[in-house]
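Residue numbers (my numbering): 2 to 319. Ideal placement from N, C-alpha and C gives every residue a C-beta, glycine not left out.
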């Protein structure tokens with residue numbers, strides 16, 4: 002499937018809808034117009050085909066996407082790690098390639114209700130990409146700051162809020178790491194309490210429907226794509242940190258949360274030092290995405306160094 006618009010955008014971009022052209026045996030058929038355009042003539046088909054630039058891809062395109070990302074994978078961590086784990090197409094992911102003159106200009110991955118975008122040079126057709134995003138209707142869009150800034154003016158009127166932060170890598174020496182007896186590896190019975198803690202957080206929970214959050218935590222833990230570490234008081238989980246995604250060599254640390262009544266006791270720092278130390282000893286590079294100023298200061302305090310500026314557009318769905 003391709004999505005595109007004519008070069009003369011003034012004639013065709015009025016309804017914020019996209020033109021869909023389905024492919025079958027390399028022949029474009031089953032044409033459906035959802036734009037207010039003139040008579041659909043053979044000449045018009047040629048013009049439209051010339052500017053079809055966003056392609057829904059399958060797992061045969063995986064190496065193309067990975068090669069495009071290359072050494073820049075720390076700048077699009079979840080997009081990269083989700084493709085490594087699930088492929089370009091799966092029950093939970095879909096991937097699009099946007100191109101111009103047969104050169105890739107951006108990659109878009111949908112995972113459940115989230116979108117991840119990577120553009121190496123940040124040179125892409127913004128109106129075309131915005132049409133795709135509005136068609137998907139995600140609750141959160143993640144990308145480097147430059148990309149979010151480029152699409153924000155179009156999508157902010159569609160109910161999206163914005164927040165900007167950083168991606169960083171843990172650079173501490175792990176040689177002195179020792180097991181912390183107060184920290185346990187979470188099990189399946191802990192998942193509802195972890196989801197409750199995350200959902201109640203003003204920053205983390207805002208862009209999630211509770212049932213989706215609970216499902217994603219369970220799904221990723223069951224598949225061995227993530228792990229969670231917790232501190233308990235009796236049977237109650239009072240603090241949590243987890244990996245957002247993992248491969249043999251790369252992981253993200255995420256979803257750090259302490260119950261309101263137990264904050265200010267250094268529990269988040271204990272969890273970070275414990276989890277990052279284990280992950281580093283396993284040979285993984287450890288990354289994190291952090292947004293508010295207090296999170297920025299905390300990450301630098303526990304040993305993270307900035308790699309790039311990052312951003313998100315999100316809807317408050319609570």
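Those residues which DSSP pairs with residue i across a bridge
{"i": "residue 259", "result": "240"}
{"i": "residue 94", "result": "112"}
{"i": "residue 143", "result": "117 and 313"}
{"i": "residue 191", "result": "Residue 191 is not bridged to any residue."}
{"i": "residue 246", "result": "253"}
{"i": "residue 99", "result": "55 and 107"}
{"i": "residue 199", "result": "Residue 199 pairs with nothing; no bridge assigned."}
Nearest candidate by alpha-carbon position, reference residue i, set the options
{"i": "residue 178", "options": "271, 288 and 60", "result": "271"}
{"i": "residue 84", "options": "213, 203, 226 and 265", "result": "226"}
{"i": "residue 158", "options": "231, 267, 135 and 168", "result": "135"}
{"i": "residue 71", "options": "108, 267, 124 and 102", "result": "108"}
{"i": "residue 172", "options": "156, 61, 300 and 81", "result": "300"}
{"i": "residue 266", "options": "252, 240, 279 and 253", "result": "240"}
{"i": "residue 244", "options": "215, 277 and 305", "result": "277"}
{"i": "residue 269", "options": "296, 122 and 246", "result": "296"}
{"i": "residue 310", "options": "127, 150, 254 and 273", "result": "150"}
{"i": "residue 256", "options": "248, 200, 298 and 121", "result": "200"}
{"i": "residue 333", "options": "228, 232, 258 and 260", "result": "With the chain covering 2 to 319 only, the question about residue 333 has no answer from this structure."}
{"i": "residue 258", "options": "303, 211, 202 and 304", "result": "202"}
{"i": "residue 124", "options": "117, 99, 162 and 282", "result": "99"}
{"i": "residue 145", "options": "316, 254 and 307", "result": "307"}
{"i": "residue 298", "options": "169, 180, 76 and 92", "result": "169"}
{"i": "residue 164", "options": "292, 103, 101 and 88", "result": "292"}
{"i": "residue 89", "options": "175, 58, 316 and 101", "result": "58"}
Buried/exposed call for residue i, threshold 16 Cβ in 10 Å
{"i": "residue 290", "result": "buried"}
{"i": "residue 189", "result": "exposed"}
{"i": "residue 54", "result": "buried"}
{"i": "residue 204", "result": "exposed"}
{"i": "residue 263", "result": "exposed"}
{"i": "residue 186", "result": "exposed"}
{"i": "residue 237", "result": "exposed"}
{"i": "residue 61", "result": "exposed"}
{"i": "residue 231", "result": "buried"}
{"i": "residue 294", "result": "exposed"}
{"i": "residue 312", "result": "buried"}
{"i": "residue 305", "result": "buried"}
{"i": "residue 143", "result": "buried"}
{"i": "residue 249", "result": "exposed"}
{"i": "residue 166", "result": "buried"}
{"i": "residue 65", "result": "exposed"}
{"i": "residue 283", "result": "exposed"}
Distance CB(residue i)-CB(residue j) smaller than 9 Å
{"i": "residue 111", "j": "residue 137", "result": "yes"}
{"i": "residue 96", "j": "residue 115", "result": "no"}
{"i": "residue 196", "j": "residue 215", "result": "yes"}
{"i": "residue 192", "j": "residue 275", "result": "no"}
{"i": "residue 251", "j": "residue 78", "result": "yes"}
{"i": "residue 106", "j": "residue 132", "result": "no"}
{"i": "residue 314", "j": "residue 162", "result": "yes"}
{"i": "residue 213", "j": "residue 117", "result": "no"}
First through last residue of the alpha helix (DSSP H) which encompasses residue i
{"i": "residue 218", "result": "211–223"}
{"i": "residue 205", "result": "Per DSSP, residue 205 belongs to no alpha helix (DSSP H) and is neither H nor E."}
{"i": "residue 129", "result": "127–137"}
{"i": "residue 83", "result": "78–87"}
{"i": "residue 278", "result": "268–282"}
{"i": "residue 65", "result": "63–70"}
{"i": "residue 299", "result": "294–302"}
Endpoints, the beta strand (DSSP E) within which residue i is located
{"i": "residue 164", "result": "162–171"}
{"i": "residue 230", "result": "229–234"}
{"i": "residue 290", "result": "286–291"}
{"i": "residue 56", "result": "53–58"}
{"i": "residue 185", "result": "184–186"}
Beta carbon proximity, residue i to chain D, threshold 9 Å
{"i": "residue 92", "result": "You won't find chain D in this structure, because it holds only one protein chain."}
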